[in-house]
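The opening residue of the sequence shown carries number 205 in the working numbering; numbering runs sequentially from there.
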Amino acid sequence: MKAFNRIMAGVASLAMLVGVSACGSSGGSGDTASNTASGGTQDVTLTVWAPQEDQTDSNSWLPKMEEAFKQAHPEYNITFKNSVVSEADAGTTVKQDPSAAADVYLFASDQLGTLIGAKAIGQLSDDGLARVKQQNSDVMIQSVTGEDGEVYGVPFTGNTWFMYYNKSKFTEQDIKSLDTMLEKGKVSYLIGDSWHLPAFYMGDSGASLFGKDGLTASDGLKLGSHAAGITKYLVNMSKNPNYVNGAEGAGLAGMQNGTVDALFSGSWDAAKVKEALGDNYGVAVPPTFTVDGQQLQLTPFAGSKAVGYNPNTDHYEVAAMFAAYLGSTEAQKAHYDMRQIIPSDKSLASDSAIAADPMAKAQIDTVNNASVVQPVISQMADFWKPAESFGKGILNGEVTADNAAEKTEAWASGYNFK
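In structure tokens form, the structure reads like this:
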């Protein structure tokens with residue numbers, strides 16, 4: 205009961221954050237709270253899209269949040285109509301017909317450019333933006349920032365990867381250095397994967413993708429002064445007998461059968477890794493590595509999963525309020541308690557249950573301190589394939605220590621982003 209009361213208090217506090225001042229709301233019939241000034245109850249129907257796991261039954265996260273929201277807002281007679289659309293599919297599905305899409309939906313931040321282009325996502329109000337900035341790290345805020353500099357959507361969890369390791373193989377000191385780990389145990393990494401490869405380059409001073417804000421397409425891919433040395437490091441790493449190519453699930457399989465001691469992956473593999481390692485289950489931020497005498501930090505891309513509202517809705521004020529609620533501190537805590545969805549809200553990092561969860565701590569620390577925002581602009585679609593080809597070139601011997609500088613420069617300068 206205490207937990208439910210806490211959620212209810214959080215819902216009520218959001219009413220002031222997202223009202224008719226929500227800028228950028230180009231749709232709507234004007235059916236807002238102003239219609240209830242006479243004291244009547246306004247009928248509102250909201251369609252909501254979310255993953256199956258959030259709505260399996262009446263005790264699931266989404267129905268519980270909807271019930272709490274309704275109880276906190278008796279001025280509305282709300283009917284929720286839920287459908288199953290995953291965060292990964294939201295952008296594609298909404299784009300098909302924004303006017304017929306959900307009023308509120310969960311989405312992955314890499315779809316933000318698509319949603320903005322389709323005019324299917326509303327901007328936050330000034331007060332809503334202030335709350336999002338209070339809750340989240342700069343990376344999380346950037347993950348829902350459009351090319352116009354406006355913020356769309358309320359983050360509720362980060363999306364990145366970190367490191368799982370076998371505590372019987374590596375000490376707490378060992379896991380700070382990839383160099384040491386490659387000497388002491390089997391390390392799986394996806395050199396040939398374009399979501400993992402850039403982490404080696406992004407921690408180098410001066411490196412950026414689409415500028416420091418990730419929104420300037422003309423800036424393209426810029427690599428730091430150690431880029432050629434990083435490529436040589438990867439060439440040598442690929443030949444190290446302790447390196448395991450993690451392609452096609454080989455890393456997780458190796459962790460499960462005992463032939464891999466460290467794996468770079470995300471929260472989706474936590475249960476399987478924990479089962480495989482038992483008491484030796486370890487999780488940490490990615491380590492550093494040494495190039496040209498310098499310690500560089502492995503710096504993965506990070507995005508978010510967020511809640512957006514559709515500006516084409518007939519009830520944009522209520523939709524915006526409900527979207528803000530689903531990303532609130534209270535709803536994020538409930539999401540973790542019910543489904544172990546790691547919150548993006550910085551204040552929850554000190555929650556006793558979350559602080560005691562090594563996987564949650566590793567993700568939060570990685571997002572906030574050792575990651576770079578994954579750009580959301582449409583040109584990002586053109587980044588992946590050349591990066592994958594470059595990584596595979598390292599693995600197949602096309603890229604060597606001797607031609608590392610030439611091949612690295614060709615990769616970085618070969619893009620023609622428009």
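Yeah, the Cβ is synthetic: ideal placement off N, Cα and C, and Gly gets one too. This one's a predicted model, so the numbers in the text were calculated from it and none came from an experiment.
Spatial distance of residue i from residue j (CA atoms)
i: residue 285; j: residue 324; result: 18 Å
i: residue 333; j: residue 429; result: 36 Å
i: residue 202; j: residue 542; result: The requested residue 202 is not part of the displayed model; the chain covers only 205 to 622.
i: residue 425; j: residue 395; result: 18 Å
i: residue 490; j: residue 470; result: 11 Å
i: residue 624; j: residue 340; result: Residue 624 lies beyond the residue range present for the chain, which begins at 205 and ends at 622; the question has no answer from this structure.
i: residue 525; j: residue 320; result: 19 Å
i: residue 322; j: residue 296; result: 10 Å
i: residue 412; j: residue 310; result: 28 Å
i: residue 306; j: residue 419; result: 27 Å
i: residue 621; j: residue 443; result: 33 Å
i: residue 342; j: residue 537; result: 20 Å
Cβ neighbour criterion (16 or more within 10 Å) applied to residue i
i: residue 588; result: exposed
i: residue 242; result: Only weak support is given to the placement of residue 242: the predicted model assigns it a pLDDT of 46, under 50, and the value that follows is read from those uncertain coordinates. Under this definition residue 242 is an exposed residue.
i: residue 570; result: buried
i: residue 463; result: exposed
i: residue 472; result: exposed
i: residue 614; result: exposed
i: residue 304; result: exposed
i: residue 287; result: exposed
i: residue 234; result: At residue 234 the pLDDT is 40, less than 50, meaning the model places this residue with poor confidence; the figure from the coordinates comes in the next sentence. Result: exposed.
i: residue 514; result: buried
i: residue 572; result: buried
i: residue 240; result: Only weak support exists for where residue 240 lies, its pLDDT of 47 falling under 50; the coordinates are left without a value.
i: residue 617; result: exposed
i: residue 611; result: buried
i: residue 258; result: buried
i: residue 268; result: buried
i: residue 453; result: exposed
i: residue 560; result: exposed
i: residue 329; result: buried
i: residue 523; result: buried
Anticipated Cβ contact below 8 Å, residue i with residue j, distance rounded
i: residue 348; j: residue 564; result: That belief does not hold up - the Cβ atoms of residue 348 and residue 564 are roughly 21 Å apart, past 8 Å.
i: residue 371; j: residue 486; result: 4 Å
i: residue 364; j: residue 575; result: 5 Å
i: residue 520; j: residue 326; result: 7 Å
i: residue 391; j: residue 477; result: That pair is no contact at about 14 Å.
CB of residue i within 8 Å of CB of residue j, strictly
i: residue 408; j: residue 427; result: yes
i: residue 494; j: residue 383; result: yes
i: residue 253; j: residue 294; result: yes
i: residue 350; j: residue 316; result: yes
i: residue 369; j: residue 465; result: yes
i: residue 355; j: residue 345; result: yes
i: residue 529; j: residue 558; result: no
i: residue 361; j: residue 545; result: yes
i: residue 308; j: residue 250; result: yes
i: residue 386; j: residue 441; result: yes
i: residue 595; j: residue 397; result: yes
i: residue 505; j: residue 402; result: yes
i: residue 488; j: residue 366; result: yes
i: residue 578; j: residue 507; result: yes
i: residue 548; j: residue 533; result: no
i: residue 535; j: residue 512; result: no
i: residue 406; j: residue 517; result: no
i: residue 609; j: residue 474; result: no
Q) Taking the runs of the alpha helix (DSSP H) that are 4 residues or longer, which of them lie wholly in the region 271 to 302? A) The region 271 to 302 contains these whole alpha helix (DSSP H) runs: 291 to 300.
Q.
Restricting to runs no shorter than 3 residues, where is the beta strand (DSSP E) found entirely within the region 474 to 520?
A. Qualifying beta strand (DSSP E) stretches, in chain order: 485 to 488, 492 to 495, 498 to 501, 505 to 513.
Q: For the region 583 to 613, list the beta strand (DSSP E) runs that are entirely contained and at least 3 residues long, ordered along the chain.
A: Runs found: none.
Q: Any chance you could list the alpha helix (DSSP H) runs of at least 4 consecutive residues sitting entirely within the region 317 to 398, in chain order?
A: Listed in chain order, the complete alpha helix (DSSP H) runs (minimum 4 residues) inside the region 317 to 398 are 330 to 339, 342 to 346, 382 to 388.
Q.
At 4 residues or longer, what runs of the alpha helix (DSSP H) sit wholly inside the region 389 to 477?
A. If one requires a minimum length of 4 residues, the alpha helix (DSSP H) runs lying completely within the region 389 to 477 are 403 to 406, 431 to 443, 454 to 461, in chain order.
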